[in-house]
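Here the sequence shown is numbered in my numbering, starting from 84 and rising by one per residue. Built from N, CA and C at the ideal position, the CB exists for glycine as well. In this text, all values refer to a predicted model and were calculated from it rather than measured experimentally. Here the structure comes first, spelled out in structure tokens, and everything after it is commentary.
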Amino acid sequence: MAKYSDTIDLYDDAGKLLKSNVALDKVSPLTNPAILKLINLTKRTVAVNLGGIEAALKTGKIGKHQQILGRELDLDIAGNSDAIAAKIQEMVQVADGDDTVINKYGGGKLLLVQAPTARLNAASTYDAAITSVAAAATYAIMDQFDVGMFDANTVKAAVWGTYPQTMDMAGAGVASILSIPQNNEGLGYALRNIPANHAVMMTGRNAMQGAALSSTFEQAGEFEMGAAIGPFERAQMLLYAYQGLNANNLVYDLVKQNGQNGTVGTVVQSLVERAIEDKIIAPGKKGGYFQFYDTKDPMLWNAYAAAGTLAATMVNCGAGRFAQAVSSTLLYFNDLLEHETGLPGCDFGRVMGVAVGFSFFSHSIYGGGGPGIFNGNHVVTRHAAGVGIPCIVAACALDAGTQMFSPESTSKIYGDTFGQIEEFAKPINAIAKAV
């Protein structure tokens, strides 16, 4: 028996119906097979940049900013990728025929290694994936080219980066979607500590698929940190369904309706009209000239507001092809929505709170970065319950080069590797297929 009576229709990023009359429970991060696979692969999968390691050794530029002249090694690592991959597999796997997988991309310059589940089961954190792969890659290169003891540390530095001199593996030749646990600023933040640009590249700059991937990470994080227990579970599930998975084609319809000549304000109008039509809200008391609206289902209204926030972001940032407007869109869409209805904006005001600090830190007086390097773990953007970062991903997907840190400069390796896996590249379709 379904836990909730809510049912939704799932549509893709082109407005095509994928599955109808889906029970809300079926898209839960706890039960949907595609979401479970995506999260499992997120923890287990490590990209090994053999081409980058080869280039680093050839120039002596190892670690993050270091170059040690006289320590260069001219090794044909990419040309020997088959042999190196075989050695890594032999060392990383726990038993023959387990779920260790290694795929090659870019003519052997990139490996995508799925560490066996057994290693993560025997560990307290997800570190076990990247450490085992990094250690295996280091030894495989040394073994393949018979590197001597006096050059071994150079190979190790090219693979591991500056670790352990730094807390993380800065400048490493291996990469995981997840940051190191020490960078997670609280319980359950690991899946929310994924930069927006990573999701942009993994989904090939598709705004709706990128938002869906980011929403999957964010909402799975909300479950992990205990924010989806009891009555709050339905609230998070509705946010995920309507904003992240385009439930009932709401995001798509709003963008299509306003994409040609619309503004943030007209998306507010469209959302209110749709909410009235769907009987989510209804006219309530009047205060002078002002018409208040009432809702019998604040959680569902919140989900509509979240979908509207994403649609407004796509309309506004898509029109200008700039990501920088996302923070002001998060703020003023919801400010206008509250003034229009007398009901709370997205995430009951927290999205507006995030937007104020976010505009300052991303490109205002402080100007320390761009929207694409923010994540749901960041002190500025963490407070919205998983509904802010998907909008940032959509904005960065539609950006035409205005960011200081473009997705291509920060996250290309994730598109070249993780972006080849369906659950990462087209999460809306994969999740619907798994229902």
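In the DSSP assignment, no residue is bridged to G436. With respect to the 8 Å criterion, E301 and R275 are classified as neighbours on the basis of their beta carbons. Three or more beta-carbon pairs separated by less than 8 Å are not found between the stretch 438-446 and the stretch 273-289, which leaves the two stretches without contact. For V409, the three-state secondary structure derived from DSSP is helix. Here the alpha carbons of L354 and S411 stand approximately 18 Å from one another. Counting along the chain, the unbroken alpha helix (DSSP H) around I496 starts and ends at 490-499. Bounds of the beta strand (DSSP E) holding G370 are 365-370. Sixteen is the threshold: when 16 or more other Cβ atoms of the shown chains lie within 10 Å of the Cβ of P473, as they do, the residue is buried.
In the structure shown, T464 adopts coil according to DSSP, grouped into three states. Annotation note: the stretch 336-394 contains the following uninterrupted beta strand (DSSP E) runs of length 3 or greater, listed N- to C-terminal: 365-370, 373-377. For Q503, the CB contacts under 7 Å within the same chain, skipping 5 residues up- and downstream, are Y188 in chain order. According to the DSSP assignment, I213 belongs to the alpha helix (DSSP H) that extends over 210-227.
Shortest Cα-Cα distance from A161 to any of D377, K192, K170 involves K192. In the three-state reduction of the DSSP assignment, K109 falls in the helix class, which pools H, G and I. For a cut-off of 8 Å, the C-beta gap from A389 to Q340 is around 17 Å, too long to register as a contact. V437 is positioned such that its CB atom lies closer than 8 Å to that of L413. L261 and E268 have their alpha carbons spaced roughly 13 Å apart.
According to the DSSP secondary-structure assignment, Q197 is paired through a beta bridge with T128, V184.
For the pair L383 and Y376, the Cα-to-Cα distance works out to about 14 Å. For the pair I475 and E423, the Cα-to-Cα distance works out to about 24 Å. Non-local beta-carbon contacts of I91 in its own chain, meaning distances under 7 Å to residues more than five positions away in sequence, involve V105, L107, A324, A330, N331 in chain order. A contact between stretches requires three or more CB pairs, one per stretch, nearer than 8 Å, and the stretch 341-351 meets this requirement with the stretch 394-403. T237 sits close to R154, with the two beta carbons spaced by under 8 Å.
If you ignore the 5 residues before and after R288, its C-beta comes within less than 6 Å of the C-beta of A480, all in its own chain and listed in chain order. Judged by their CB atoms, F416 and G391 are nearer to each other than the 8 Å cut-off.
Taking 8 Å as the cut-off, the Cβ atoms of T183 and A198 count as close.
Around the beta carbon of I151, fewer than 16 other beta carbons sit within 10 angstroms, so the residue counts as exposed. Ranked by Cα distance from A255, the options V175, A139, E505 are led by A139.
Under the three-state reduction of DSSP output, V175 falls in the helix class. In the DSSP assignment, I91 falls within the beta strand (DSSP E) that extends over 90-94. Taking the CA atoms as reference points, A303 sits about 35 Å from I167. Only residues of its own chain outside the window of five on either side were considered, and among them D95, L101 have a CB closer than 7 Å to the CB of N512, listed in chain order. Bounds of any alpha helix (DSSP H) do not take in H148, whose DSSP letter is neither H nor E.
If the five residues before and after S103 are omitted, its C-beta is found closer than 6 Å to the C-beta atoms of D92, all from its own chain and listed in chain order.
G425 and I364 have their C-alpha atoms roughly 11 Å apart. Here the alpha carbon of D179 sits roughly 26 Å from the alpha carbon of D229.
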